[in-house]
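Each remark here refers to the structure printed beneath this line.
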Amino acid sequence: MSSLDRIPPELWLEIFSLIPRDILADISLTSRTFHRVVHPVLFTHFTYYTKTAVLEAAGSAELSSYMERLYFWSSDEIGPLVRSCSITPFRVGYNYASACSDLRVAPFLERLPRFTGLQRLYADGVSFPRSAMAVLCRLPALDHLELDVCRTVGELHLPGALHISDSLSDYLILRPTAGCVCSIDHLRQLELCCEPLALADTLPIFPHVHELSASWWKDPLDIHKILVFLSKFPALEVLTLQRYGAELLTLHEAGARASRLFPLLREYTGAACTLPVFLPLPTLACLTVSICNPHELFAQLEEFRPFNKITSLTVSFSVFNDTLEPFDNTALSTLCGLFPQLQELRVAISHYGAISVILTIYIQPAAFLEALPQTPLLPPSLESLYFAWNFDWELEYDVLPPPENLPEFAALRDALVMRCPDLTALCIDGEDFIDKWRKYSDGTVVEATADNWGAFVRLNDFSG
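The numbering of the sequence shown is this note's numbering, which starts it at 421 and goes up by one.
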């Protein structure tokens, strides 16, 4: 066994992936020892340009040279080495209204099956014929497909007899035009960054999608229309609904219909106004609430009894000036009373307003943390606890004064462990201080503290 073979190929690939490509090319050409390891790294990504000013005016010689590049990358020696590929216009600002010429797209699609090791494909402004979509689904290693302003030509639904590859599990669509989505029987994950309701009428059933993320901007929206759209995904387990500037018209009675539509849903991320629809689901265990204020959240939950099935809760609160209730220990106790079986609780509080208001409430973290161990309804089942504060103010001062009267982190941690014996992770993230503590299953304890900006940045960079 050579010295090279003593090190796993995966480790060599990890090392060489950090080296600039021109240096790798030199190593491949000059070192017989490393050639067989470096050579595949040089050809892991291929970019195929579909629309350039040069090509528009190119003569036959230049076009032939351009096609020779495609034939080289899709050759029997190089094609199987390609792991990711981009089909994209070369020039930024390309007009999507004019479809890419088949003169350049068709040859790529014809040679696409030669990329037998292709795992990720990104296409920008491409018209896919039905036959090409079938080829995509048959690529043996493809697990991530991203289409940006692409179109499909011909029938969209791919019949089940097409022997769809089991490995095609991630199908990501960004800003699709109408008629872009096709049904892939083995699809597991789908992200729609568009107006999903515009696709609802023509969208086929995705019987095996278990993770869906959808975003919209129109205002307002009716929850019943959203449920029609979501009914296309009967096997959902993880659902994220993001709204940008849109108010949601919701009805409590829609919850009964949701329970029939989502018999398997266990994780939900969405706005507070959607909670009456999804919280009653008996399978729901993990909940993330998008940016809201405490009053808005509690108003949506006031008609409900405690949610004993929810074990993980993440909430992002925003408080503007002093016009709304702050998130204090009383609000925390109310929140814990609604979710008494929590094992994980993550709360982020952002304050916005004039510096005079910010200076008044800047002492809130110290007072909150001092009283935290005495919170009446703090769940004893907690295993992970996270609190973060962010203060955004009018630029009258460059920085806020340093925090004062913060409780000693070790004492706070010990008091919380007394209340919650299963606690193994604690993070307190302030405007310019941070304390982290974690206890692992083998008894190992890791703790870190930063109380100045430089240490704060280093700690976050190190620990993520």
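All C-beta atoms in this analysis are idealised placements derived from N, C-alpha and C, irrespective of residue type, glycine included.
- The shortest CA-to-CA distance from I848 to any of L567, L832 and Y860 is the one to L832.
- Distance between L541 and C557, taken at the CA atoms: about 12 Å.
- Cβ-Cβ distances below 6 Å link L797 to S753, C756 and G757 in the same chain, with the five nearest sequence neighbours on each side left out; the list follows chain order.
- L789 is positioned such that its CB atom lies closer than 8 Å to that of P827.
- Taking 3 residues as the shortest admissible run, the stretch 703-758 contains the following complete beta strand (DSSP E) segments, listed from N- to C-terminal end: 706-712 and 732-740.
- In this structure, the straight-line span from the alpha carbon of L659 to that of L685 is close to 7 Å.
- Contact between the stretch 791-806 and the stretch 717-725 is absent: fewer than 3 CB-CB pairs across the two stretches fall below 8 Å.
- Annotation: V739 to H564 spans about 39 Å, alpha carbon to alpha carbon.
- When the Cα atoms are used, L567 and V837 turn out to be separated by approximately 48 Å.
- Minimum Cα-Cα distance from L699 among the listed residues L733, P714 and N713 corresponds to L733.
- Nearest Cα to P696 within the set S770, I711, A719 and S494: A719.
- Take Y468, set aside five residues on each side of it, and the residues of its chain with a beta-carbon closer than 6 Å to its own are I507 and F528, in chain order.
- For F466, DSSP records a beta bridge to C505.
- In the three-state scheme derived from DSSP, where H, G and I count as helix and E and B as strand, Q662 is classed as strand.
- At least 8 Å separates the beta-carbon of V629 from that of L661.
- Look at F811 here: in three-state DSSP terms it is strand.
- Annotation: P654 to F626 spans about 8 Å, alpha carbon to alpha carbon.
- R503 is positioned such that its CB atom lies closer than 8 Å to that of G537.
- Across the structure, R839 and E687 are spaced so that their CA atoms are roughly 27 Å apart.
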